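Counting from 1, one number per residue, gives the positions in the sequence shown under full-length UniProt numbering.
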Amino acid sequence: MAYSLTLRALKSSTAAPRLIRTFSASASRSDHYPDADFSTFKKVTTGPQSEGRVVLVDFYADWCRPCHMLSPILKSISNDPDVKSGTGFPVDVMTINTESEDGMELSQRYKVRALPTVIAFREGQNVMQFVGALPESEVRNFLGRV
């Protein structure tokens with residue numbers, strides 16, 4: 001009996017400091033940058049906000065049918081908070097219209113020869129790409145390798 005009273009007294013003692021650990025986490029949500037210009041491209045793919053992120057850059061044109069098939073898949077990926085790259089980084093999606101002035105310059109810089117072309121940038125580096133409209137399962141498989 002005396003033993004249990006001693007234990008209770010130790011547990012409820014205010015002499016021992018209590019440590020309270022709090023955890024906070026913000027959801028690492030993905031962003032979507034439709035019809036990005038050169039400035040947005042540079043800021044998102046190579047600026048400080050590119051750290052710890054993967055950016056899928058989709059080069060497209062309005063007349064391109066396969067582009068219209070791929071666009072909803074990429075948009076749904078950018079809206080899905082559970083989508084992560086193979087490195088665990090959140091995935092942002094950017095679209096570049098190759099018919100715009102900035103889009104033409106960027107497509108030449110990255111040697112885009114066919115549409116759609118999707119280039120993955122990880123922490124500012126061009127790491128992988130695919131060409132053509134892929135089904136969603138293959139796009140997710142691609143992300144798993146990035």
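All C-beta atoms, glycine included, are put in the ideal place defined by N, C-alpha and C.
Predicted model only: the values in this text are computed from it and were never measured.
Legend entry - Cα-Cα separation between Leu-56 and Ile-119, rounded to whole angstroms: 6 Å
Legend entry - Same chain only: Cβ atoms within 8 Å of Lys-43, ignoring 5 sequence neighbours per side: Gln-49
Legend entry - Whole runs of the alpha helix (DSSP H) within the UniProt domain "Thioredoxin" (14-146), excluding any shorter than 4 residues: 38-46, 65-79, 101-109, 136-145
Inset, instruction - Check whether the Cβ atoms of Leu-115 and Cys-64 sit closer than 9 Å, and answer yes or no. - result: yes
Legend entry - Residue environment, Arg-53, which counts as buried when at least 16 other CB atoms sit within 10 Å: buried
Legend entry - C-alpha distance - Val-112 paired with Gln-129, whole-angstrom precision: 10 Å
Inset, instruction - Determine the direct distance from the alpha carbon of Asp-58 to that of Val-139, and round the result to whole angstroms. - result: 12 Å
Legend entry - Residues near Ser-30 by beta carbon distance below 8 Å, same chain, minus five either side: Ile-77, Ser-78, Asn-79, Asp-80, Pro-81, Val-83, Pro-90, Val-91, Asp-92, Val-93
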